[in-house]
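First comes the structure, then the notes that go with it.
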Amino acid sequence: MNSSAPYLIRAINEWILDNGCTPYLVVDASVEAVSVPKEHVKDGQIVLNISPQAIRDLSITEEYVIFSGRFSGVAHEISAPVSAVLGIIAKENGEGMWFPRDEQEPTPPTEPLRQNPKSPPNLKVVK
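Counting with our numbering, you get residues 45 to 171 for the letters of the sequence shown.
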C-alpha cells in the first residue's frame, strides 16, 4: 500500500485551516533531498508556515511537499520528501499530528525460528 503520510498531511492541513489556525510543517532538514534555506535550520529541523497567506503553490504529492515561500524577504522554492516530514501542527495550540521515523531497521528475532525436523516426503504415486 502507499504511505498514508501525504493523505494525513493534506487532511490535517485542511483541518487546521478550517479551525482558523496556522499550519506549521516540521521537517527533518538533514534528509538529503530536503531543499530549504539552511540558515533557518535549527537542530537539524526547520519549521515551515504553510498557511495560504505565507506561501504560494502548495503541492502535497505522494512523494514531496513543494511550495514557494519567502525567508527574510528572499523568495525560495521549498521541497521536502514526505518521508522527511516529522509533523504538522497548529501554531496557536500545538494540535496536529507527528509522524514516526523509520530510521531503525527491524530487530532480528532473539530466538531462532522454529525449525521442523526433516522427515521424508509423504507422497504416494497415484496411477
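A virtual CB, placed ideally from N, CA and C, is assigned to each residue, including glycine.
Under the three-state DSSP convention, the category Arg114 falls into:
If you number the sequence shown from 1, residue 114 lands on position 70. It is a strand residue.
Is the distance from the Cβ of Val126 to the Cβ of Pro67 below 7 Å?
The residue labelled residue 126 in the question sits at position 82 within the sequence shown. The residue labelled residue 67 in the question sits at position 23 within the sequence shown. Cβ distance not < 7 Å, so Val126 and Pro67 don't count as in contact.
Using a 10 Å radius around the Cβ and a threshold of 16 neighbouring Cβ atoms, would you call Gly140 buried or exposed?
In the sequence shown, residue 140 corresponds to position 96, counting from 1. Gly140 should be labelled buried.
Can you tell me whether Asn63 is helix, strand or coil according to DSSP?
Indexing the sequence shown from 1 puts residue 63 at position 19. In the three-state scheme derived from DSSP, where H, G and I count as helix and E and B as strand, Asn63 is classed as coil.
Can you find the residues in the same chain that come closer than 8 Å, C-beta to C-beta, to Gln148, ignoring five residues on each side of it along the sequence?
Within the sequence shown, the letter at position 104 stands for residue 148. Residue placement at Gln148 is flagged as unreliable, the pLDDT there being 42, under the threshold of 50; the coordinate-derived value follows with that caveat. Correct list: empty, nothing qualifies.
At a cut of 8 Å, does the segment 109 to 121 reach the segment 57 to 65 through at least three beta carbon pairs?
By the criterion of at least three beta-carbon pairs nearer than 8 Å, the segment 109 to 121 is not in contact with the segment 57 to 65.
For the candidate residues Leu167, Ser79, Ser74 and Ser95, whose alpha-carbon lies nearest to that of Glu136?
Taking the sequence shown and counting its residues from 1, the one referred to as residue 136 is at position 92. Nearest to Glu136 by C-alpha distance, out of Leu167, Ser79, Ser74 and Ser95, is Ser95.
Can you give, in chain order, each stretch of the beta strand (DSSP E) that sits fully within the segment 74 to 148 and has at least 3 residues?
Within the segment 74 to 148, complete beta strand (DSSP E) segments of at least 3 residues are found at 89 to 93, 99 to 104, 108 to 115, 118 to 125, 129 to 134 and 140 to 142, given in chain order.
Contacting residues, own chain, Cβ-Cβ under 6 Å from Val109 (five flanking each side not counted)
In the sequence shown, the residue the question calls residue 109 occupies position 65. Residues Ala124 of the same chain have their beta carbon placed closer than 6 Å to that of Val109, with the five preceding and five following residues left out of the count.
Counted within 10 angstroms of its Cβ, other Cβ atoms place Asp101 as buried (16 or more) or exposed:
Within the sequence shown, the letter at position 57 stands for residue 101. So Asp101 ends up on the exposed side.
Rounded straight-line distance, which links the Cα of Ile132 to that of Ile53:
Here residue 53 corresponds to residue number 9 of the sequence shown, with the count starting at 1. Here residue 132 corresponds to residue number 88 of the sequence shown, with the count starting at 1. Cα to Cα, the separation comes out at about 7 Å.
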